[in-house]
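Be aware that the sequence shown starts at 35, since it is given in my numbering, and climbs by one per residue.
This report concerns only the one structure given below.
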Amino acid sequence: MLIESKWMGALALAVTLLSGCTLTPNRAPIEDRGVGTRPVVPNGTAPATVAEPTKPLPGAENAGKPGYYSVKASDTLIRIALENGQNWKDLVKWNNLDNPNVIEVGQVLRVVPPGVDPNASTRPVTTSRVETRPLDAKPATGTASAPPATAGASAPAPAATPAATASASRDSDEDVHWGWPAAGPVIAPFDDGKVKGLVLGGKAGDPVLAAADGRVVYAGSGLRGYGNLIILKHNNTYLTAYAHNQTLLVKEDQAVRRGQKIAEMGSTDSDSVKLHFEIRKQGKPIDPAKLLPPR
């Protein structure tokens, strides 16, 4: 009887389990675990998500305007300053940047001083001055001479010649006295689009000299492809850049004179010892060989 009772109990348990397989299980309660998740409606479908308005990037209202620059991928503030002929610290001030190392793609930066007309500040790139003279340098024959001045009458002021007018309107920013930044030979000439300056040869430790009087606006290694770099600002028109140095001998905001040793030649971020030297006019690279004196 004991065995029969155990067998009957097991049979009853099996029937109960099999019966349970046909029953509909109770659903677990739905719990909202995240902040801002979509609410669950009774039919189990979620409403369409309402997109939050995109916050405009700083300066977006100035995109495309003269005197402003839209940040692209891989840009740094140092590179933007160099390519626009400015001191990176001025860009920080003009754009109220909290962290100069954090700029966003699409952000629009002011790259000319406030209050300056960017159209008026843009001058064409020239490498030499041309004085204009009248084509008729000699007086024509048979021309009547001017009548003598009558007593008491003031003599008319001489008319300004084109050459004098050109000299008076000449921009003082063009008056830069240039010198070679290193004694080594030119191993790669300027090639716009490929070599944005001159490449001068030498050996490690050779002196690198300031090409003109100016002030150090950058000294460091934060610009990829240039290694240890120095940038000098000579006036509102010209910057010079000295790349791949092994040692930097000047600091930012330091005033330097033409011919002063500012660095030692090296091979940082380069496959050989050399000096990459640029002259930039309003941020645009020009051929230094056209401005440097003959050797």
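Don't be surprised by glycine CBs; every beta carbon is placed ideally from N, CA and C.
For residue 143, DSSP records a beta bridge to 103.
Ranking 152, 256, 302 and 297 by CA distance to the CA of residue 135 puts 256 first. For the pair residue 327 and residue 215, the Cα-to-Cα distance works out to about 11 Å. In this structure, the CA atom of residue 143 is about 34 Å from the CA atom of residue 234. A straight-line Cα-Cα distance of about 15 Å links residue 306 and residue 276.
In the DSSP assignment, residue 123 falls within the unbroken alpha helix (DSSP H) covering 122-128. Inter-segment contact for the stretch 238-250 and the stretch 262-282 is present: three or more beta-carbon pairs are separated by less than 8 Å. Here the alpha carbons of residue 298 and residue 141 stand approximately 37 Å from one another. Here residue 324 carries a helix assignment [DSSP, helix/strand/coil].
Residue pairing from DSSP leaves residue 150 without any beta-bridge partner. When the beta-carbon positions are compared, residue 245 and residue 274 come within less than 7 Å of each other. Between the alpha carbons of residue 105 and residue 322 lies a distance of about 28 Å. Counting along the chain, residue 117 sits inside no beta strand (DSSP E); it lies in the alpha helix (DSSP H) bounded by residues 111-117.
The three-state reading of DSSP puts residue 279 in strand, counting E and B together.
Close CB contacts of residue 125 within its chain, under the 7 Å cut and outside five residues either way in sequence, are with 111, 114, 115, 143 and 145 (chain order).
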